[in-house]
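**Q**
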Amino acid sequence: MKVPVILAVLCLTIGYGHSCKCPKIPTNGCKSQYSILGTVLGALPIGIPPEDERIYTVFVHRIYKVFINLETIP
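Mapped onto mature numbering (1 follows the signal peptide of the UniProt record, and there is no 0), the consecutive letters of the sequence shown carry residue numbers -19 to -1, 1 to 55.
Given below as structure tokens:
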């Protein structure tokens, strides 16, 4: 019984160590209407270097949508 518990804790610890987290307030570098707050679980490189394109597997915590108040735009 102790061995499965130890292995489970070890796997969770290693998995958490390899994941990275997004900042608390997501930046919107692409000027998109949406930003995502989540944890990156993995990345799959696409193309040939030096192109830096990747497909990310993300555990999403929150999705933010840009709100534009049309009354403040001249």
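Where is the CB? At the ideal position from N, CA and C, for every residue including glycine.
My understanding is that Ile27 touches Ile36, with C-beta atoms under 8 Å, so please give their C-beta distance in whole angstroms.
**A** On the sequence shown, residue 27 is found 46 positions in, with the first residue counted as 1. On the sequence shown, residue 36 is found 55 positions in, with the first residue counted as 1. Yes, they are in contact, since the Cβ atoms of Ile27 and Ile36 sit about 6 Å apart, within 8 Å.
**Q** When every heavy atom of the ligand NAP is checked, does at least one fall within less than 7 Å of the C-beta of Lys46?
**A** Absent from the structure shown: the ligand NAP. Ligands present: none.
**Q** If you drop the 5 nearest sequence neighbours on each side, which residues of the same chain put their C-beta closer than 6 Å to that of Thr38?
**A** If you number the sequence shown from 1, residue 38 lands on position 57. Here the set comprises Leu22 and Gly23.
**Q** Taking C-alpha atoms, which residue in Gly19, Leu25 and Ile(-14) lies nearest to Glu34?
**A** Position 53 of the sequence shown, counting from 1, holds the residue named residue 34. It is Leu25.
**Q** Taking 7 Å as the limit between beta carbons, can you name the residues of its chain near Phe40, skipping five residues before and five after?
**A** Taking the first residue of the sequence shown as 1, we reach residue 40 at position 59. The residues are Gly19, Thr20 and Leu22.
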